[in-house]
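Numbering (the numbering used here), first residue to last: 8 to 73.
Ideal placement from N, C-alpha and C gives every residue a C-beta, glycine not left out.
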Amino acid sequence: MGFDESSFIVPEGITFGEMKETLIDRFSTFIRPIEIGMYANMRPEDDQYVLKDGDTIYIFPRSSTP
Numbered sequence: 008m009g010f011d012e013s014s015f016i017v018p019e020g021i022t023f024g025e026m027k028e029t030l031i032d033r034f035s036t037f038i039r040p041i042e043i044g045m046y047a048n049m050r051p052e053d054d055q056y057v058l059k060d061g062d063t064i065y066i067f068p069r070s071s072t073p
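Quick look at the structure:
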């Protein structure tokens, strides 16, 4: 997708839901329509989960699994 992880900073205290919205906004210029599924540390989390320093985020198309 041409996405460079160094160009994206995750703000402290952001929720999973906010992260998904941010990524959808960013990727929608490349792909439309887009739906994102996310895991943190290989576990599915709900949109209210607050990301913590050191969490590993896996991003994948909703129709697949990480």
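| query | result |
| --- | --- |
| Residue closest to residue 21, alpha-carbon to alpha-carbon, out of 32, 63, 33, 55 | 55 |
| Run of the alpha helix (DSSP H) containing residue 29, from where it starts to where it stops | 23-34 |
| Reduced DSSP secondary structure (H/G/I, E/B, other) of residue 57 | strand |
| Buried or exposed (CB count within 10 angstroms, at least 16 for buried), residue 26 | buried |
| Closest by C-alpha distance to residue 61, when choosing among 53, 47, 51, 31 | 47 |
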